[in-house]
Each structure stands twice: as structure tokens, then as C-alpha cells.
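Each residue of the sequence shown is one higher than the last, beginning at 266 in the working numbering.
Just so it is clear, CB atoms sit at the ideal spot from N, CA and C, and this is done for glycine as well.
Note that the coordinates shown come from a computational prediction; the quantities given were computed from them, not determined experimentally.
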Amino acid sequence: MNPVTLTAFLTPFLPFLLNLGNTAADKAAGKFGEDAWAKAKAVWEKLHPKVEAKAAAQEAVTDLAATPEDEDLQTALRVQLKKLLASDAALAEAIGQILQADAADGTPGIQIVQTVTGNQNQVIGQVTGGKVLGRVTDDITFSE
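Okay, structure coming up:
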């Protein structure tokens, strides 16, 4: 399990995951989509006991939940997740399986990596509808 992928996936959910059980957390499904929210809760269920057991990881999660756009805090959580996953191969495998499982609508919930090379190229992306997106691999060429 790649800690970069895991951090990127969990970051938008953290404020809600830390407040599971209250009404704000219940609204997360509407914001992110049922499938994505279910995946985030399943990952957090596996990860939470390990985070709670390690003060540095707990602090990284709490700090990032308060300021999700802070890249330094994302890096801090990434480092803590890397340590947790390296020390528990079963946990890493379980989380990897959750993230790779297909959503109810058949779309796999895995990362999308975009690489652009060339003069004046851009990567522009937007996710709408709260769907968990599938894997996009290969070269794409646009001609004018």
C-alpha cells in the first residue's frame, strides 16, 4: 500500500472520520458519494487503532483534519502512514484490498496518475458526482 495514495485518499475525509457518529459525519456520504464514504470508513476502521496507538500518527491526523490543504501536514501524515504500513504488512494488504475493491456501480476505487510532457501542456481534472473513479493508464494524444 502506497502511503502517498492513502494520504491523498483519506485527507478530504479526515474531518468527517474524526467525528464519526455525529450529524456532520453523516453528511459526508452526500458530499463524497456513498461508495467513496463507505470506502473511507472501511479504511479508517482498519487504520484507526494503529493511529490511536501512536501519538505522532494521532497528532498528524488531527492536524491534517484541521487544515487539509496544508502540504507540510500531508507530508507529516504520509511519513506516519509509511511507518505504520511498513511495520504491519497485514494492515497494508487489508487497506490495499479495500481501496482496490470495485464500487457498487462497478467502478474500481483506485488512483489516477496523470503525467504530461511537452511544451505548453496542462493537467486539468475535476471529479463531480461523488464517484470513486477507476484506473486510467496509457498515453493519450490530443490533436488540434
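Alpha carbon to alpha carbon, how far is residue j from residue i? Give it in angstroms, no decimals.
{"i": "residue 277", "j": "residue 353", "result": "24 Å"}
{"i": "residue 364", "j": "residue 271", "result": "9 Å"}
{"i": "residue 327", "j": "residue 346", "result": "14 Å"}
{"i": "residue 295", "j": "residue 330", "result": "19 Å"}
{"i": "residue 348", "j": "residue 341", "result": "11 Å"}
{"i": "residue 366", "j": "residue 320", "result": "30 Å"}
{"i": "residue 317", "j": "residue 309", "result": "11 Å"}
{"i": "residue 311", "j": "residue 336", "result": "24 Å"}
{"i": "residue 339", "j": "residue 359", "result": "22 Å"}
Quick one: measure Cβ to Cβ for residue i and residue j, integer angstroms, because I've assumed they're closer than 8 Å.
{"i": "residue 281", "j": "residue 290", "result": "5 Å"}
For residue i, which option in the options has the closest C-alpha, if you only look at C-alpha atoms?
{"i": "residue 313", "options": "285, 273, 267", "result": "285"}
Here's a check: name, in chain order, each residue in its chain whose Cβ is nearer than 7 Å to the Cβ of residue i, leaving out the five neighbours to either side.
{"i": "residue 279", "result": "326, 329, 330, 333"}
{"i": "residue 343", "result": "268, 269, 272"}
Keeping to the same chain, check which residues put their C-beta closer than 6 Å to that of residue i; ignore five residues upstream and five downstream.
{"i": "residue 361", "result": "266"}
Tell me which residues share the same chain as residue i and place their Cβ nearer than 8 Å to its Cβ, disregarding the 5 neighbours each side in the sequence.
{"i": "residue 315", "result": "322, 349, 353, 356"}
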